[in-house]
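Peer 1: Dropping the structure in here first, questions after.
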Amino acid sequence: MNYPPLRSKPRVVPALAQLFAAPKSSIRKPVVLTYSRTNVIEKVGRLPSALFTAKEAMHLLCLSLDSARKICQDGLKLGLLVVAKRDGKLIFYRKTT
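Per our numbering, the sequence shown starts with residue 144, numbered consecutively.
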């Protein structure tokens, strides 16, 4: 039996290729938010475009610290905010737009 050289390109057998194909990542989990989407968009819209912490968001939005943290987490999930940097436990957020 003639075998191909060891350094030749591997041949793909179509019937076996589907067994080794990577699964498609189009299945996405729904985003679970603490607050409604419109409420989060409205609150994040009032935040500055510079770096800020949840404590600064608390003062700007007139909320409790826990509520401000949840708004920031929901903003992260929706893609409205990004984590700019971390300093120990302190998280600095920045708006994406």
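Glycine is no exception: its CB is placed at the ideal position from the N, C-alpha and C atoms. In this text, all values refer to a predicted model and were calculated from it rather than measured experimentally.
Per the DSSP calculation, aspartate 230 is bridged to which residue(s)?
Peer 2: DSSP, once it has assigned bridges, lists Leu233 as partnering aspartate 230.
Peer 1: Under the DSSP definition of a beta bridge, which residues are partnered with lysine 238?
Peer 2: DSSP output for lysine 238 lists Leu224 as bridge partner(s).
Peer 1: Can you tell me which of Arg229, Lys228, Tyr236 puts its alpha carbon nearest to the alpha carbon of alanine 211?
Peer 2: Of the candidates Arg229, Lys228, Tyr236, the one whose C-alpha sits nearest the C-alpha of alanine 211 is Tyr236.
Peer 1: Confirm, please, whether the CB-CB distance from threonine 196 to leucine 219 is below 8 Å.
Peer 2: Against a cut-off of 8 Å, the Cβ pair of threonine 196 and leucine 219 comes out as no contact.
Peer 1: Distance, Cα to Cα, alanine 164 vs arginine 154?
Peer 2: Distance between the alpha carbons of alanine 164 and arginine 154 is about 15 Å.
Peer 1: I believe leucine 159 touches valine 187 by the beta-carbon criterion, under 8 Å. Please report the beta-carbon distance rounded to the nearest angstrom.
Peer 2: Actually they are not in contact, since the Cβ atoms of leucine 159 and valine 187 sit about 49 Å apart, beyond 8 Å.
Peer 1: Could you tell me if alanine 200 is buried or exposed, where buried requires 16 or more neighbouring beta carbons within 10 angstroms of its beta carbon?
Peer 2: Alanine 200 comes out buried.
Peer 1: Are leucine 206 and arginine 189 close, meaning C-beta to C-beta below 8 Å?
Peer 2: No, the Cβ-Cβ distance between leucine 206 and arginine 189 is not below 8 Å.
Peer 1: How many Å lie between asparagine 145 and leucine 162 at the Cα?
Peer 2: Each residue's alpha carbon lies about 26 Å from the other.
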